[in-house]
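Undergrad: Residue numbers (our numbering), protein chains in the order written: chain L, 175 to 468; chain X, 24 to 390.
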Amino acid sequence: MTDVTSPDHLAGLLDAQGYLADEGLATAAFLAIRMHRPLFCEGDAGVGKTALAGALAAVLGAPLIRLQCYEGLDAAQALYDWDFPRQLLHLRAAEAVGVTDADRIEAELYDRRFLVARPLLQALETDPCVLLVDEVDRADDEFEAFLLEVLSDWTITVPELGTIRAATPPVVIVTSNRTREVHDALKRRCLYHWLGHPGFDREVAIIRRRLPDVTDALAHGVARVAADLRGEDLLKPPGVAESLDWAEAMLTLGARDLDVDLAAASLGALLKYREDQDLVVGRLAQWAVTSVAG
Amino acid sequence: MTAAEVTATVVGFARTLRAAGVSAGPDRVHAMVAATGHLDATRRRDVYWAGRLTLCGSPDDLERYDRAFAAYFAGEKAPPVRRVQTVDVERAVAVPTREPAAGGPMDGEDLSVATASRLEILRHRDLAALTADDRDTVRRLIAAIDPVGQPRLSRRHQSAARGGVDARRTVRALLRSSGEPARLQRRARRVRPRRLVLVVDVSGSMQPYADPLLRFAHAAARRRPGTEVFTLGTRLTRVTREMRVREPAAALAAVSRAVPDWSGGTRLGELLQAFLDRWGQRGVARGAVVVLASDGWERGDADHLGTQMARLHRLAHRVVWVNPHRAQPGYQPMTAGMLAALPHVDDFVDGHSLAALEQLAEVIGGR
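#1: In angstroms with no decimal places, state the Cα-to-Cα distance between X/A151 and X/S228.
#2: So, with DSSP's three-state summary, where would you put L/E422?
#3: For L/Q451 and X/R238, what's the separation of their Cα atoms in angstroms?
#4: Can you give me the start and stop residues for the alpha helix (DSSP H) that X/S279 sits inside?
#5: Name, please, each residue of chain L whose Cβ falls closer than 9 Å to the Cβ of X/V85.
#6: Please list the terminal residues of the continuous beta strand (DSSP E) segment that includes L/Y366.
#7: Which bits of chain X does L/G246 rub up against, with CB to CB less than 7 Å?
#8: So, is X/A273 buried or exposed, given that buried needs 16 or more other C-beta atoms within 10 angstroms?
#9: Tell me the residue span of the beta strand (DSSP E) that contains X/R215.
#10: Just by C-beta distance, which residues in the segment 192-204 of chain L are closer than 8 Å to chain X?
#11: Starting from the beta carbon of X/D50, find every residue of chain L whose beta carbon is closer than 7 Å, and list them in chain order.
#12: Among all the DSSP beta bridges, which residues are the ones paired with X/V223?
#13: Going by the DSSP bridge assignment, what does L/P412 pair with across the sheet?
#14: Closer than 8 Å by beta-carbon distance: list the chain X residues that pair up with L/M209, in chain order.
#15: Are there 16 or more other CB atoms within 10 angstroms of the CB of X/G319, so buried, or fewer, so exposed?
#16: Between X/T77 and X/V29, is the Cβ-Cβ spacing less than 9 Å?
#17: In whole angstroms, what separates the C-alpha of X/D169 from that of X/D63?
#18: DSSP three-state label for L/Q242, please.
#19: In its own chain, which residues sit with a C-beta less than 8 Å from the C-beta of X/S376, not counting the 5 before and 5 after it?
#20: Of all the options X/D189, X/L338, X/H241 and X/R67, which has the alpha carbon lying nearest to the alpha carbon of X/L207?
#21: Taking any Cβ of chain L, which residues in the segment 354-370 of chain X have a Cβ under 8 Å from it, in chain order?
#22: By DSSP, does L/G373 sit in helix, in strand, or in coil?
#23: At 3 residues or longer, and completely inside the segment 305-335 of chain L: list those beta strand (DSSP E) runs for me, N to C.
#24: Have a look at L/A206, L/D177, L/G192 and L/V178 and flag the residue whose alpha-carbon is nearest the alpha-carbon of L/H367.
#25: Does the CB of L/E216 have a neighbour CB from chain X at under 9 Å?
#26: Would L/A236 and L/T300 qualify as a contact pair, given that the criterion is a beta-carbon distance under 9 Å?
#27: Determine the extent of the beta strand (DSSP E) in which X/D234 is found, giving its start and end residues.
#28: Per DSSP, which residues does X/H180 bridge with? Please list them.
#29: Rank X/A57, X/R246 and X/A91 by C-alpha distance to the C-alpha of X/S46 and give the top, closest one.
#30: Determine the chain X residues that contact L/D358 at a beta-carbon separation under 8 Å, and present them in chain order.
#31: Using the Cβ count rule (16 or more neighbours within 10 Å means buried), how would you classify X/P366?
#32: Please tell me whether, using a cut-off of 8 Å, the distance from the CB of X/Q304 to the nearest non-hydrogen atom of the ligand MN is below it.
#33: Is X/R269 buried or exposed, if buried means 16 or more other CB atoms sit within 10 Å of its CB?
#34: Output yes or no for whether 9 Å exceeds the beta carbon distance between X/H340 and X/R175.
#35: If you draw a straight line from the alpha carbon of X/L236 to that of X/G360, how long is it in whole angstroms?
#36: Give the straight-line distance between the Cα atoms of X/R121 and X/Q382, rounded to the nearest whole angstrom.
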């Protein structure tokens, strides 16, 4: 695993992976690595919370293990499950060769090799690794309780087997879109970072970095529209993910700058509500003019 | 700086921060000291981030943090806590015109014995016209209402007599009986109540009903964690946290401290939009039963209210509008706001009396 010496050093390494982190995010990620504390990233959709985990994994040269949360997520899907078909086969095989010692069979049945590791257990057993617990706000309260044991003690208790402990705690990124308030007990064990939308210059830099073929004029135009729209009264203001999609869509259509027709044709990559699109379509021409002039 | 100096500075700063309203507990302070150890404690920037990452827990904390940080490390004293004007909720309820005469026949132990017929009359009496004693009785009865959202199928399963095969439990039973085919275990999806979201208008025209409606909200919020409560006045305030207090009176006192704008007028459309942008669309209103308690007296643009109601209706499972003035004889929904909102409302109910609130609880439960 690459050793990270300071937040600036980490920012440089993330930059090399195509992820532009500002001072706060670099410090947050640096502390998460050094303090072995999960990093709780909150912010609007599309500001780069999930991408951070991927970039960190690349920087550290560690595999990324992802747990996508949803309502009803339970221990069998997040922690571990027993491999029942193999246990049954083993039982039949033992019977076939005439093993009758019940205690021995039982001990063999609940052996580690019959345990299927789900993301959280995988993360404790993989060293090093980056664990991404994505959109934890979508899971329900019950799930946060599982997560607490794992993230505070780095252990998972399997009743039939005992406690499994991580040799080195994984680097953990927990993301939330804030659709509901996550329990304080979970947040207290984490570093908390709020990710805002990037400023104009940073967004231009992000677009240029991620899409090297985009012209300077197009990158500036897209970033200008995105920045302006975030100040508007929209149902869903675009995140960086959307402006990247839009820039890529226009690039695919052959745009060299903020071409009004191509912009209107590909607006669905930027805005996902009809009401928002109606509001913006009429103003594209105005932006196109300023982007050429600027 | 020595480690002891860093610790002293951090502890002092945390105290300032708590005074500013951020609940930076001891474990968070400990985390900040540890974080500073990994960074350069002599650099202002590093100390700023070490604190912000460990002491804060929500976006609301960040602004307070920035202020406290600037003040503390500029050597100023902690900024004074913003004084919140407290409003006595008891007062906010209309004072009855006729007080029972002291020592009169209505006084004394007779009152504590609520007879069935008296209760029945009380149940239908307008909440705005209660005597002080009746109000106490009604408040106790409101606290006993149990509004539960309509049931929905959860993603979680439970064992059941009929339903899909539960492979996990079936195989477990198989293993117990050393591999002999056992009975198939079955499972079905669990049923859970839908989330309940209550938005209570506390503006001037709703004043007499704000207290009972908030008590109704408290009864719902106490019983079902996950219930969300908001108030509408000159602005939108989320009071879910305040509603967690067990005693209704204490909870309402907390609410009155949190709500800056009792009375005054409402711009329903704008506030509803604020609710949907900040909370509703992100998940609070999705699939929920949303109860709006207001007389629909819109001081802003009624069309805007209509648009936002349409948005709410698309997100929510059911939209219930409670208008206490609806029960008045000859009421017609004539206010522009009410007319704009009604096409996007599933149930339009009264809520002016105890009986009406009980009926509201039934509507919420889909009965």
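For glycine and all other residues, C-beta sits at the position ideal for the given N, C-alpha and C.
TA: Reading off the structure:
#1: To locate residue 151 of chain X, count along the second sequence from 1; it is residue 128. To locate residue 228 of chain X, count along the second sequence from 1; it is residue 205. If I take the Cα positions, the gap works out to 12 Å.
#2: For the purposes of this step, residue 422 of chain L is taken as the residue at position 248 of the first sequence. L/E422: helix per DSSP, three-state reduction.
#3: Indexing the first sequence from 1 puts residue 451 of chain L at position 277. Indexing the second sequence from 1 puts residue 238 of chain X at position 215. The alpha-carbon atoms of L/Q451 and X/R238 are separated by roughly 42 Å.
#4: Here residue 279 of chain X is taken as the residue at index 256 of the second sequence, counted from 1. Per DSSP, X/S279 belongs to the alpha helix (DSSP H) from P271 to A281.
#5: Numbered from its first residue, the second sequence carries residue 85 of chain X at position 62. The residue asked about is misnamed: residue 85 of chain X is Leu in this sequence, not Val. In chain order: W368.
#6: Numbered from its first residue, the first sequence carries residue 366 of chain L at position 192. Looking at the DSSP string, the run of the beta strand (DSSP E) that includes L/Y366 is L365 to L369.
#7: Position 72 of the first sequence holds residue 246 of chain L. Those within 7 Å of L/G246 in chain X are S177, R178 and R179.
#8: Looking up residue 273 of chain X in the second sequence gives position 250. It counts as exposed.
#9: In the second sequence, the residue the question calls residue 215 of chain X occupies position 192. Taken as a continuous stretch (DSSP letters only), the beta strand (DSSP E) holding X/R215 covers R209 to P216.
#10: E197, G198, T201, A202 and F204
#11: As a working mapping, residue 50 of chain X is identified with position 27 in the second sequence. In chain order: R362.
#12: If you number the second sequence from 1, residue 223 of chain X lands on position 200. DSSP, once it has assigned bridges, lists X/T254 and X/A316 as partnering X/V223.
#13: Counting from 1 along the first sequence, the entry for residue 412 of chain L is found at position 238. Per DSSP, none; premise fails for L/P412.
#14: The residue labelled residue 209 of chain L in the question sits at position 35 within the first sequence. The contacting residues are A54, A57, A58 and H61.
#15: As a working note, residue 319 of chain X is residue 296 in the second sequence. Buried is the call here.
#16: Taking the second sequence and counting its residues from 1, the one referred to as residue 77 of chain X is at position 54. Taking the second sequence and counting its residues from 1, the one referred to as residue 29 of chain X is at position 6. No, these two residues do not count as a Cβ contact at 9 Å.
#17: In the second sequence, residue 169 of chain X corresponds to position 146, counting from 1. In the second sequence, residue 63 of chain X corresponds to position 40, counting from 1. One C-alpha to the other measures close to 55 Å.
#18: Position 68 of the first sequence holds residue 242 of chain L. Note: L/Q242 maps to strand in three-state DSSP.
#19: Counting from one through the second sequence, the residue named residue 376 of chain X turns up at place 353. Here the set comprises R146, H147, R148, D149, L150 and A350.
#20: Position 184 of the second sequence, counting from 1, holds the residue named residue 207 of chain X. Taking only the C-alpha atoms, the option nearest X/L207 is X/D189.
#21: none
#22: By one-based count along the first sequence, residue 373 of chain L stands at place 199. Here L/G373 sits in coil by DSSP.
#23: 329-332
#24: As a first step, residue 367 of chain L is located in the first sequence; it is residue number 193 there, counting from the start. Selected option, being the one with the closest Cα: L/A206.
#25: Walking along the first sequence from the start, residue 216 of chain L turns up at place 42. True, the Cβ-Cβ gap to chain X drops below 9 Å.
#26: Residue 236 of chain L sits at position 62 when you count from the first residue of the first sequence. Residue 300 of chain L sits at position 126 when you count from the first residue of the first sequence. In contact: L/A236 and L/T300 (Cβ atoms closer than 9 Å).
#27: Residue mapping note: residue 234 of chain X aligns to position 211 of the second sequence, counting from 1. Not the beta strand (DSSP E): X/D234 falls in the alpha helix (DSSP H), residues Q230 to R246.
#28: Taking the first residue of the second sequence as position 1, residue 180 of chain X is located at position 157. DSSP lists X/R212 as partners of X/H180.
#29: Start at 1 with the first residue of the second sequence, and residue 46 of chain X comes out as number 23. When only C-alpha atoms are compared, the closest one is X/A91.
#30: Looking up residue 358 of chain L in the first sequence gives position 184. Chain X residues near L/D358: G80.
#31: Locating residue 366 of chain X in the second sequence gives position 343, where the first residue counts as 1. It is exposed - the Cβ of X/P366 has fewer than 16 other Cβ atoms within 10 Å.
#32: Because no ligand of any kind appears in the structure shown, any question about the ligand MN cannot be addressed here.
#33: Along the second sequence, read from residue 1 onward, the residue named residue 269 of chain X stands at position 246. With fewer than 16 Cβ atoms within 10 Å of its Cβ, X/R269 is classed as exposed.
#34: Position 317 of the second sequence, counted from the first residue, corresponds to residue 340 of chain X. Position 152 of the second sequence, counted from the first residue, corresponds to residue 175 of chain X. Their beta carbons are under 9 Å apart, which means X/H340 touches X/R175 by this criterion.
#35: Here the question's residue 236 of chain X lines up with position 213 in the second sequence. Here the question's residue 360 of chain X lines up with position 337 in the second sequence. If I take the Cα positions, the gap works out to 20 Å.
#36: Taking the first residue of the second sequence as position 1, residue 121 of chain X is located at position 98. Taking the first residue of the second sequence as position 1, residue 382 of chain X is located at position 359. Note that X/R121 has pLDDT 40, beneath the 50 cutoff, so the model's placement of it is unreliable and the number below is only indicative. Spanning the two alpha carbons is a distance of roughly 28 Å.
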